[in-house]
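Take a look at the structure set out below.
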Amino acid sequence: MTFFVENETEADFGFDASELIRTVCERTFLSEGAPTESSCVNIMITDSEGIRELNAAYRGIDSPTDVLSFPGLDFDKPSDFDISDERKADCIDPESGELILGDIVLNADRIFSQAKEYGHSVRREMAFLVAHSCLHLCGYDHMTKEEEKVMFSKQEAVLESLGITRGD
Numbered sequence: 012m013t014f015f016v017e018n019e020t021e022a023d024f025g026f027d028a029s030e031l032i033r034t035v036c037e038r039t040f041l042s043e044g045a046p047t048e049s050s051c052v053n054i055m056i057t058d059s060e061g062i063r064e065l066n067a068a069y070r071g072i073d074s075p076t077d078v079l080s081f082p083g084l085d086f087d088k089p090s091d092f093d094i095s096d097e098r099k100a101d102c103i104d105p106e107s108g109e110l111i112l113g114d115i116v117l118n119a120d121r122i123f124s125q126a127k128e129y130g131h132s133v134r135r136e137m138a139f140l141v142a143h144s145c146l147h148l149c150g151y152d153h154m155t156k157e158e159e160k161v162m163f164s165k166q167e168a169v170l171e172s173l174g175i176t177r178g179d
């Protein structure tokens, strides 16, 4: 799996953010059966203003958020990676031949403030948002109570498997 991580901020997280992102993405995508040997994900870390601009442009919501997910695939059902060749053609990076799972945009400002608000580490908050976003890239959503239950259970399972708990 190929990862492109761009940090537009000067934020010092106190740990290797790229390594944490890679670890959480890999574990999440593996748990969902994604074709990790031949796929890629783009991750950008920005600030509240940067994510506000993207949120306004792509979602019509002119306010900052903690994370944005831009799936590269349309799923008939979550994590169904049995995609026809004709559909895959629209989602393949022409240079690498890899399946583009999508883009993740993290808000560094919110990572710090939400970690403080929820009483856990910055590392835990970043990992939570990355797992959450990866599941969106796999076709999950949380628009209904049932969808929310499934998605949040999956993200907690990923974090627990990595030893990243709420107490961190």
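Numbered by the working numbering, the letters in the sequence shown go through residues 12 to 179 in order.
Note that CB positions come from ideal geometry on N, CA and C, so glycine has one too.
Residue i (DSSP reduced to helix, strand or coil)
i	result
Cys145	helix
Leu173	coil
Thr155	coil
Phe163	helix
Cα-Cα separation between residue i and residue j, rounded to whole angstroms
i	j	result
Ile103	His131	38 Å
Ala100	Phe86	15 Å
Val16	Tyr151	22 Å
Lys127	Leu173	21 Å
Phe163	Gly108	32 Å
Asp114	Tyr129	26 Å
Asp58	Glu106	30 Å
Glu37	Arg177	20 Å
Lys165	Glu21	31 Å
Counted within 10 angstroms of its Cβ, other Cβ atoms place residue i as buried (16 or more) or exposed
i	result
Pro75	buried
Glu64	exposed
Sequence-distant residues of the same chain with beta carbon closer than 7 Å to residue i, five excluded per side
i	result
Gly61	Glu19
Leu110	Pro46, Ser49, Ser50, Lys99, Cys102, Ile103
* Which residue spans inside the stretch 44 to 115 form an unbroken beta strand (DSSP E) run of at least 3? -> Look at the stretch 44 to 115 and you find these whole runs of beta strand (DSSP E), each 3 residues long or longer: 50 to 57, 78 to 82.
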